[in-house]
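Worksheet: the structure to be examined is printed underneath.
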Amino acid sequence: MDLQTFRERLPTGWLLPACCFIALVHFGQQVLEPLTLALILSLVIAPLVRQLRRLGLPRRAATIASVALVGGAVLALASVLAFQLAAVAADLPQYRARMLAKVEQVRELTVGPLEKWRGELGLAAPEPRSTAPAGAAADERAPPAQAVPRLLGAIGRAMAECGVVLVLLVFMLLDQDALRDRLLRLAGRTELASTLQAVADAASGISRFFLTQMVVNLSLGVVVAVALWVIGLPHAALFGALVALLRILPYVGILAAGVAIAVFAAAVDPGWSLVLQAVGVLLVAELAVANVIEPNVYGHSSGLAPVAIIVAALFWSTLWGPVGLILSTPLTLCLVVAGRYVRALQPITIFFGDSPGITQGQRLYHRALAGELRDVQEDACAWLARRGFASYCDHVLLPATALAAADHRQGRLHESQLQALRKTLVGLVEWLTGGRAVRRSGRKARTASLVEANVGGHLRRMREARLGRWQGPLHASASAIVLCASLPLERDEFEAELLVRALADTGIDARSVTLPHEPEREETESGLAERISTVFVACPEQGALTPWLSACRELRRRLPRAVLATVRLPLDADSPDESALQGEVDLVLRSFAEALAFVQAGGRPPAPALATPSLPIQTT
């Protein structure tokens, strides 16, 4: 997406509505917080309700049973954790002396050197001056008679909010269909399909995210608990459960769990070995889950970019505190899903969605303009690990060159940008197809400091310098050669050279010529022309149709036994209609992948299953 399109999608008066929305969310926290919690929980529990209804239970019974099951599981877990915490609290007094000794050791390692340096520099620590009354320090600590009511008040408010959320949750689950119908009615008939799809995407995304997160966190908690038990840390099950629960909080939770484990290990062990072992266990487990397991298990199930999760955590925790931190990911996911269907919210989807919003061809074009050959090579290797070079040309390389040609025609490219683009394309193509030794070494392909304007001709001369003048053995077997011909035009020669390399990448003896081509004496004597089975003629632009037709007739006269074909790419908007081409060639194909399949099939039309689907180009 270019800047102009982004400006068109970004509403003109977006700043004032955004400020109003933030103010509404902040000052309406007392009302919106329980509503949001109930809504998110209803989306999470809805699959369980549907499963119970499939078993024959009515909606009311299925809803009550689902809420009871989830609530019972939460209460059971809370009870177990409460007993574990009580046991830890009972054991803390015996660890008090060790903890004080550890604090003193840390103080000597940190504060001690600073005080020593201060003394060596002759600086005396200033005496702290207190401006508060003498009895102020005693008044700061509230007596137990005042602390207990405050604690009970906080617990009462939390219980009241939980009760409100529970009531809202039950009614949302009971009237789920009615609420959806009202939302569809509010959206209007014209937006019925998109609204229904948005609701379905948001519900499935949130349910999948929480289910996957629960499985991953529970697995991590079990692994950490077992590892802590093995190294000898008391109450290992409690800290494993603590890791599983606190990991719901993005980034902050695992740090809090790590601090708790480290402090308790320091209190238990007279030395520091248990602390280092416990922290090492948690660090290794978290790194393995975050970098190996989660990318494979989650994939893009959250629908959010990694930076979006951090920004969302900062934003919602600032507005709603700990509750906002817990709900930051699902709330942002809802906004990203809504941005796919609501024009005013599309910038949120662009910035925070897991898709970059540009095609692989656009990505290659932008990086090639900047001369970032190494990054382009890495992207190409990732593509070629799953598909072939012909597919890479169809979906990435040729769309990128089409974008470059369009910008060049409109005068948007400077000469320095064109030179950087040519050098990057030459280096990329030669690195990918110039031989296994270059690719295995991981080095950049060697290119001249100044690449010719005709990139296709430059690549062809590099290939001839590597393979020889005839681009292959002069005495080839019968019907073994595939010829790629083109008019002496920059665009046509580039496409012909790419097709040669795409075919040669699979072991096909492919060679190229520029028309008109007069056979030399060695070609005539060796009968090289008689060994050509297929000729691909680069599809021309509309202005070059007449010389192209003449060249095809000449090829037909010289190679009567060869199959004449052309590849008319869907991106070639300036190419003639297919009907204008069919009179002079035997076959009109739509992609390099189809051309490769045609040759591999022995010169027969490729089966439909082998054909590459027509563009639009796939996005990442």
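Each number in the working numbering comes from the position in the sequence shown (counting from 1) with 556 added on. For every residue, glycine included, the Cβ atom is placed at its ideal position computed from N, Cα and C. Quick caveat: nothing in here was measured; it's all calculated off a predicted structure.
Member of the options whose CA lies at the smallest distance from the CA of residue i
i	options	result
PHE945	ALA1153, PHE577, LEU656	ALA1153
ALA797	PRO806, ALA813, LEU805, PRO705	ALA813
LEU604	LEU870, ALA594, SER622	SER622
ARG789	VAL772, ASP825, THR1090, VAL771	It is Leu, not Arg, that sits at residue 789 in the sequence shown. If we check each option's Cα against that of LEU789, ASP825 comes out closest.
LEU599	VAL985, VAL867, ASP757	ASP757
ARG930	GLY983, ILE578, ILE601, VAL1141	GLY983
ALA924	MET1018, ALA976, ARG1117	ALA976
GLN732	ALA618, LEU1125, GLN661, ALA716	ALA618
TYR948	ALA624, SER1147, TYR651	SER1147
LEU1015	GLY827, ARG663, PHE1050	PHE1050
PRO806	LEU794, PHE871, ALA579	PHE871
VAL723	LEU595, ARG1025, SER1089, VAL898	LEU595
ALA1136	CYS1095, ALA1118, GLU1150	CYS1095
LEU641	ALA792, CYS575, VAL808, ASP1128	ALA792
GLU717	LEU740, ALA629, ALA734, THR592	THR592
ALA1066	MET655, GLU1020, ARG764	GLU1020
GLU850	VAL898, LEU767, GLN902	LEU767
GLY1063	LEU860, TRP828, GLY1028, LEU752	GLY1028
LEU656	ASP1048, GLY827, ALA941	GLY827
PRO590	ASP1133, ALA754, MET715, GLN607	MET715
TYR651	ALA823, LEU625, GLY719, SER763	ALA823
SER1089	TRP1104, ALA1121, VAL932	ALA1121
GLU1150	LEU739, HIS951, ALA653, ARG968	HIS951
SER1042	ILE906, MET728, GLY1013, ASP647	GLY1013
First through last residue of the alpha helix (DSSP H) which encompasses residue i
i	result
LEU832	829-844
VAL623	615-647
ALA541	Because the chain spans 557 through 1176 in this model, residue 541 falls outside it and cannot be assessed.
THR1090	Not the alpha helix (DSSP H): THR1090 falls in the beta strand (DSSP E), residues 1088-1093.
ASP935	929-940
VAL1069	That residue, VAL1069, is in no alpha helix (DSSP H); its beta strand (DSSP E) goes 1065-1070.
SER1106	1101-1114
ILE596	585-610
PRO886	878-895
ILE904	902-908
LEU1045	It is not in any alpha helix (DSSP H) - LEU1045 carries neither H nor E in the DSSP assignment.
VAL815	808-824
ALA924	916-925
ALA1129	Counting along the chain, ALA1129 falls outside any alpha helix (DSSP H), and DSSP gives it neither H nor E.
LEU948	The amino acid at residue 948 is misidentified as Leu; the sequence shows Tyr. Here the alpha helix (DSSP H) through TYR948 covers 945-948.
GLU1150	1148-1156
Test item: CB-CB of residue i and residue j under 9 Å
i	j	result
LEU1071	VAL1093	yes
ILE817	LEU832	no
VAL515	LEU597	Residue coverage of the chain in this structure runs from 557 to 1176, which leaves residue 515 outside it and unanswerable.
ARG616	LEU730	yes
GLN769	ILE810	no
GLU928	THR874	no
HIS921	PRO878	Reading off the sequence shown, one finds Tyr at residue 921, where the question assumed His. Not a contact, by the Cβ cut-off of 9 Å.
ALA1130	GLN1156	It should be noted that the sequence gives Asp, not Ala, for residue 1130. Not a contact, by the Cβ cut-off of 9 Å.
VAL644	PHE820	yes
CYS1040	LEU1059	yes
ALA868	LEU887	yes
TRP876	VAL587	no
VAL502	GLU1046	Missing from the structure shown is residue 502; the chain here goes from 557 to 1176 and no further.
ALA800	VAL778	yes
VAL1091	VAL1123	no
ARG978	ALA1036	no
ALA841	LEU794	no
VAL985	LEU953	yes
CYS890	ILE762	yes
ASP1048	ALA1100	yes
ALA754	VAL898	yes
Enclosing beta strand (DSSP E) for residue i [first to last residue]
i	result
LEU1120	1119-1123
VAL1141	Run containing VAL1141: none; DSSP gives neither H nor E here.
ALA1041	1037-1042
Can you give, in chain order, each stretch of the alpha helix (DSSP H) that sits fully within the region 704-744 and has at least 4 residues?
-> 732-743
Check whether the region 880-893 touches the region 840-852, taking contact to mean three or more Cβ pairs, one atom from each stretch, closer than 8 Å.
-> no
Does the region 1052-1067 come within contact of the region 981-991, defined as at least 3 CB pairs closer than 8 Å?
-> yes
Counting only runs that start and end within the region 753-794, where is the beta strand (DSSP E) found for 3 or more residues in a row?
-> none
Specify whether the region 1103-1116 and the region 907-924 touch according to this definition: at least 3 beta carbon pairs, one from each stretch, less than 8 Å apart.
-> Contact between the region 1103-1116 and the region 907-924 is absent, because fewer than three Cβ pairs lie under 8 Å.
Counting Cβ pairs closer than 8 Å, one from the region 888-895 and one from the region 915-925, do we hit at least three?
-> no
Note down, one range per segment and in chain order, each alpha helix (DSSP H) of at least 4 residues found wholly within the region 951-989.
-> 954-965, 971-989
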